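Working notes for the structure below.
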Amino acid sequence: MMELDEKPVNVNLGMELKGVGGEEIVKNVEEKCVVLESEIGKRKIEFESLESKFSAMEVKKFWIEDEVKILDRRNSEIEERITQLETENNVVGGETVTGEVVDLMEEDKITELMIENNVLECEKKKVEGETEVWKLKCRELELRVLELGKEILVLRGGPRKQTTNASNLKDGLDAVAGLECFEAEGKMVSDNETIDAATGINSTCCSPLKGIGDLEVAGMKEITI
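Under the UniProt record's numbering, the sequence shown has 122 at position 122, and the numbering climbs by one with no breaks.
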């Protein structure tokens, strides 16, 4: 009986030991599940973060692609412009005349026409000055005629009053002719300076005033004879 009593005790102890081992296993499994769930949560958060970064990188990728297209287009435009400039430079150095060269030629023609116009204006002023000088020469001739008339009256023994009037007329004409000659000579000098300033070329024309002195000497010789 004693042995029979001991067996149930042994069985019960084994069952109790077996129950204690199962609870530990379950507890360990539950702990592992908690750890795994926590790890899964972390992985999920990390995945969502990576997904957001990937979307941002996709947007940036599209933006970079657009920028590359714009830069390619600008590069093509610059290359076309460079090619055009090289072609124009080659054309200028070659046989074909471009629009810019034509414009330069037109400007040169206009400049030449303006210079010719200025020269003509200066020549016109010179002619006008020469006309005034010839008018003075005519008055000098008239004066010489009056002087000759006076001398003829004196030689023929004409009235004294006639001689006095002729002398007064001569003095008046001398004063007028001298003043007009001075003014005409000053006008010629001014016109020559204008021509030099307009054309940049020193005038080599001789002044018509040069012959007045010779004419006076000739007139005096005739009177003396």
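C-beta atoms are modelled at their ideal positions from N, C-alpha and C, and glycine is treated no differently. Small disclaimer: the values here were computed from a predicted structure and weren't measured.
When you compare only the Cα positions, how much space is there between residue i and residue j?
| i | j | result |
| --- | --- | --- |
| Ile126 | Glu107 | In the sequence as presented, Ile is not what sits at residue 126; that position holds Lys. About 29 Å. |
| Glu67 | Ser76 | 14 Å |
| Lys60 | Glu48 | 19 Å |
| Ile45 | Glu39 | 10 Å |
| Ile25 | Glu58 | 48 Å |
| Thr199 | Thr111 | In this predicted model, Thr199 has a pLDDT of only 48, less than 50, meaning its place in the structure is not dependable; the value taken from the coordinates is given anyway. Cα to Cα, the separation comes out at about 12 Å. |
| Cys138 | Thr131 | 11 Å |
| Met114 | Glu88 | 30 Å |
| Gly41 | Ile64 | 35 Å |
| Asp72 | Lys53 | 28 Å |
| Glu79 | Ser55 | 36 Å |
| Leu155 | Gly149 | 10 Å |
| Val29 | Glu37 | 12 Å |
| Arg81 | Lys69 | 18 Å |
| Leu120 | Lys109 | 16 Å |
| Ile195 | Glu123 | Since pLDDT at Ile195 reaches only 49, below the 50 mark, its modelled position is unreliable, and the value read off the structure follows with that caveat. The alpha-carbon atoms of Ile195 and Glu123 are separated by roughly 8 Å. |
| Leu146 | Gly129 | 26 Å |
| Lys32 | Glu23 | 14 Å |
| Lys27 | Arg43 | 24 Å |
| Thr83 | Arg74 | 14 Å |
| Val35 | Glu51 | 24 Å |
| residue 230 | Met105 | Outside the shown range of the chain, which is 1 to 225, sits residue 230, and nothing can be said about it. |
| Glu116 | Glu140 | 36 Å |
| Leu136 | Leu153 | 26 Å |
Which same chain residues end up closer than 6 Å to residue i when comparing Cβ atoms and leaving out the 5 residues on each side of it in sequence?
| i | result |
| --- | --- |
| Gly213 | Caution is warranted here: a pLDDT of 47 is assigned to Gly213, below 50, making its placement in the model unreliable, and no coordinate value can be reported. |
| Trp134 | none |
Measuring only from the beta carbon, is residue i closer than 7 Å to any heavy atom that is part of the ligand ADP?
| i | result |
| --- | --- |
| Leu136 | Absence of the ligand ADP is noted for the structure shown, with no ligands found whatsoever. |
Quick one: what's got a C-beta closer than 8 Å to residue i's C-beta in the same chain, skipping five residues either side?
| i | result |
| --- | --- |
| Phe62 | none |
With a threshold of 8 Å between beta-carbons, can residue i be considered close to chain D, or not?
| i | result |
| --- | --- |
| Glu123 | Note that chain D does not occur in the displayed structure, where there is just one protein chain. |
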